[in-house]
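Be aware that the sequence shown starts at 1, since it is given in the numbering used here, and climbs by one per residue.
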Amino acid sequence: SRRVAISCGSLLVGLALAVSPLAAQRSPAASRGLNEVFVGSEMEQYLRLLQISGQSPLYPWSIRSFSPQEVARVVPRDSTQHPWQARYPLRADTSRGLVYAWVPPRVQLFYNSAFPYGVNDGAIWAGRGLTTAVQAGVSARYRGLSLTLDPILFRAENAGFSLAAGTPAGSFEDPMGVRIDFPQRFGNDPYTRLDPGQSTLRLDAKGVAVGVSTANQEWGPGVDYPLVLGNNAPGFPHLFVGTSHPVNVWIGSVHGRVVYGRLDQSDYSPYNEGGRFMSGVVGVFTPRGIPGLEIGGERFFQSQWPAGGIGLGDLTEPLESFFKANTGDPTDTIEAIRSRDQRASLFFRWAAPRSGFEFYGEYAREDHNWDLRDFLVEPDHSAGFMVGLQKVWPVDQERFVAFRGEVLNTQPSHLAWVRHQGIFYSGSGIPQGHTQEGQILGSPAAFGGSGLSVTSDYYHPSGRVTLRLMREYRHGRGNLEPGLIRQPDLLYGGGVEALFFRGPFDVTAGLDAIRNRDPYRGVAETNLRTQLQIRLGL
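Printed below as a string of structure tokens:
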């Protein structure tokens with residue numbers, strides 16, 4: 001695939017570095033784990049909690065994934081004690097020569113007893129039955145040039161279950177109302193996929209970062225419910241350019257990134273539209289005098305892949321007017337609206353210094369406002385929001401307890417009675433919706449729905465114990481005319497998860513019970529989801 005080709009090209013660069021006459025060294029044990037700070041990873045969340053608790057420096061968290069140089073900015077200070085210090089000293093390696101390390105192999109097993117279920121797990125799609133995933137790689141760095149190759153291979157047993165009533169014979173699409181590339185099931189046979197995973201080649205020099213990647217990105221401060229871009233779907237191949245770290249502009253600092261990429265549909269999409277061109281921009285401002293506060297925004301565009309090639313207009317699209325009335329000839333807006341799709345959001349995060357507390361939120365819109373009056377009078381039209389908080393309580397130098405809660409709502413507002421509102425992520429002109437390879441790029445609960453998650457973690461020198469609860473509406477369907485609003489699925493439940501350090505292995509085991517009331521399949525059933533992950537430290 002195209003993404004595999006990108007990874008192969010990155011591999012050639014890595015081999016060229018490896019055989020060069022530079023003095024190479026393995027990454028020291030003190031930096032163990034720091035080449036695994038991927039979006040949504042165990043180590044990324046741990047570093048965020050250390051920052052909240054005041055054990056590591058403040059740094060914007062709303063543009064990820066992080067580069068090796070950025071990771072060096074968010075690790076604890078030398079004298080800091082933290083729960084995993086014996087296992088993961090977390091000391092940044094600042095050597096300027098060629099440094100390389102294994103990305104430790106991981107094996108993951110998931111089992112769903114009743115229906116497919118899984119969120120924020122990247123390329124993996126966990127169907128009913130057993131899903132197995134294997135991931136391993138290597139990372140290398142020379143001065144500002146860094147390379148990570150971390151492909152993933154998974155196989156979902158993809159056992160059968162009852163599809164929604166009215167599903168066309170031989171099809172796996174959602175037959176009710178809104179149809180996007182979001183299959184109920186990936187065929188009748190086991191579903192196997194090789195993905196380049198968290199692979200990136202980038203150069204950071206003189207405050208500028210440029211690179212090519214297939215890794216997941218996350219824009220905004222959300223953990224469980226990112227509204228525009230997170231790690232629920234596979235990462236997509238993309239090019240990016242931006243600042244390599246926040247740049248001081250006296251009144252504060254700014255940090256940003258422009259991204260261009262390709263999105264693809266699954267083999268089970270109800271459409272045959274081919275690839276899509278993605279362009280986007282995200283930026284964060286941290287004001288002077290208010291430590292820990294970050295304010296930002298993002299725009300994410302997609303359109304059908306240009307038949308005549310990518311032009312200047314495609315590259316500058318993220319910079320166009322926020323108001324549809326200013327984007328061209330108003331008499332031509334029907335074709336313009338139906339040829340592309342946009343999502344935009346504003347967000348904030350405040351990690352108050354030494355308080356052990358952070359508060360964050362995001363407000364997003366589907367497509368443009370027509371003009372300023374439209375935005376001011378009806379800001380809830382085709383809009384959604386997420387708010388969340390995290391709190392860390394230290395028990396002693398080797399233990400702390402963390403709490404996180406997030407609330408999401410993208411359901412159509414009461415304006416549906418007087419003005420049409422589309423389902424969030426369905427788009428106006430891109431039939432595949434806000435998806436990559438059949439999975440939603442943001443949060444599944446935001447597809448015309450809402451969500452509530454509550455999580456509590458206990459970190460100690462031998463690992464972590466987590467308790468979680470959730471309640472979500474998902475898969476919004478139907479026309480939004482008066483009397484025709486259709487109820488989405490209701491999922492609720494919770495579970496427990498534990499991480500244990502045992503010799504060279506990190507072992508994660510978990511059990512969740514999720515109840516689904518699906519009016520269109522006519523069922524109310526409970527899914528038991530078990531997981532086991534074994535990571536080998538090298």
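Ideal Cβ positions, reconstructed from N, Cα and C, are used throughout, including at glycine. In this text, all values refer to a predicted model and were calculated from it rather than measured experimentally.
DSSP beta-bridge partners of residue i
i: ALA498; result: VAL465, ALA509
i: ALA72; result: Paired residues: none, contrary to the question.
i: VAL254; result: VAL247, PHE285
i: HIS460; result: GLY463
i: ALA307; result: Answer by DSSP bridge pairing: none, since ALA307 is not bridged.
i: LEU227; result: For LEU227, which the question treats as bridged, DSSP gives no partner whatsoever.
i: ILE295; result: PHE285, PHE348
i: ARG340; result: SER303
i: TRP61; result: Answer by DSSP bridge pairing: none, since TRP61 is not bridged.
i: ARG202; result: SER146, GLY211
i: ASP540; result: Nothing can be reported for residue 540, as the shown portion of the chain is limited to 1 through 538.
i: ARG179; result: Its beta-bridge partners do not exist; DSSP assigns none.
i: GLU362; result: PHE347, MET386
i: ALA156; result: THR131, TYR191
Closest by C-alpha distance to residue i, when choosing among the options
i: ARG257; options: PHE172, VAL247, ILE251; result: VAL247
i: LEU239; options: HIS245, PHE359, LEU263; result: LEU263
i: THR214; options: PRO234, VAL223, ARG343; result: PRO234
i: ALA402; options: PHE447, GLN421, TYR459, PHE385; result: TYR459
i: GLN217; options: GLY442, LEU319, LEU532; result: GLY442
i: VAL249; options: TRP219, PRO287, PRO183; result: PRO287
i: LYS391; options: PRO431, SER53, TYR46; result: SER53
i: LEU319; options: GLY361, ALA126, VAL259; result: VAL259
i: GLY127; options: MET470, THR148, GLY160, GLU406; result: GLY160
i: ASN35; options: SER146, GLY222, LEU50, GLY274; result: SER146
i: GLY220; options: ARG64, GLY33, ILE514, ALA307; result: ARG64
i: ILE534; options: GLY503, GLY118, PHE38, GLN342; result: GLY503
i: LEU491; options: ALA498, LEU499, ARG474, PHE500; result: ARG474
i: VAL284; options: GLN439, PRO57, SER244, ILE423; result: SER244
i: LEU467; options: PRO431, GLY495, ALA140; result: GLY495
i: ARG143; options: TYR100, ILE180, PRO116, PHE172; result: TYR100
i: ARG471; options: GLN342, ASP224, ASP341; result: ASP224
i: ARG399; options: SER41, PRO83, VAL75, ARG48; result: PRO83
Helix, strand or coil at residue i according to DSSP, with G and I counted as helix
i: THR526; result: strand
i: VAL4; result: No answer about VAL4 holds up, because its pLDDT of 42 lies below 50 and its placement is not dependable.
i: ILE52; result: helix
i: ASP518; result: strand
i: ALA126; result: coil
i: ARG535; result: strand
i: LEU372; result: helix
i: PRO330; result: Note on PRO330: pLDDT 49, under 50, position unreliable in the model; no value is reported.
i: PRO21; result: Note that PRO21 scores a pLDDT of 43, beneath 50, so its modelled location is shaky; the value from the coordinates is reported in the next line. In the structure shown, PRO21 sits in coil (DSSP, three-state: anything other than H, G, I, E or B).
i: LEU315; result: helix
i: VAL395; result: strand
i: PRO444; result: helix
i: LEU47; result: helix
i: SER31; result: helix
i: GLU42; result: helix
i: VAL377; result: helix
i: TYR271; result: coil
i: SER279; result: strand
i: GLN421; result: coil
i: ASP264; result: coil
i: VAL241; result: strand
i: VAL401; result: strand
i: PHE172; result: coil
i: GLY438; result: coil
i: GLY356; result: coil
i: ARG193; result: strand
i: ARG26; result: strand
i: LEU452; result: strand
i: ASN232; result: coil
i: LEU163; result: coil
i: VAL37; result: coil
i: ASN409; result: strand
i: GLU592; result: Any property of residue 592 remains undetermined from this structure, which presents the chain solely from 1 to 538.
Cβ of residue i within 8 Å of any chain D Cβ
i: PHE505; result: Of the chains in the structure shown, none is chain D; there is only one protein chain.
(message) Within 8 Å, do at least three Cβ pairs link the region 422-440 to the region 453-468?
(response) no
(request) Mind the definition here: the region 188-202 touches the region 150-160 only if three or more C-beta pairs lie below 8 Å; say whether that holds. (result) yes
(request) Taking 8 Å as the threshold, find out whether the region 87-97 comes into contact with the region 26-38 through three or more Cβ pairs. (result) yes
(request) For the region 288-300 and the region 351-359, state whether three or more C-beta atom pairs, one from each stretch, are separated by less than 8 Å. (result) yes
(request) Can you check the region 70-154 for any beta strand (DSSP E) of at least 3 residues that lies completely inside it and give the ranges in chain order? (result) 98-112, 129-142, 145-149
(request) Flag this pair as touching only if the region 505-516 and the region 128-144 have three or more C-beta atom pairs under 8 Å; answer yes or no. (result) no
(request) Could you say if the region 99-116 and the region 70-81 meet the contact criterion of at least three C-beta pairs nearer than 8 Å? (result) No, the region 99-116 does not touch the region 70-81.
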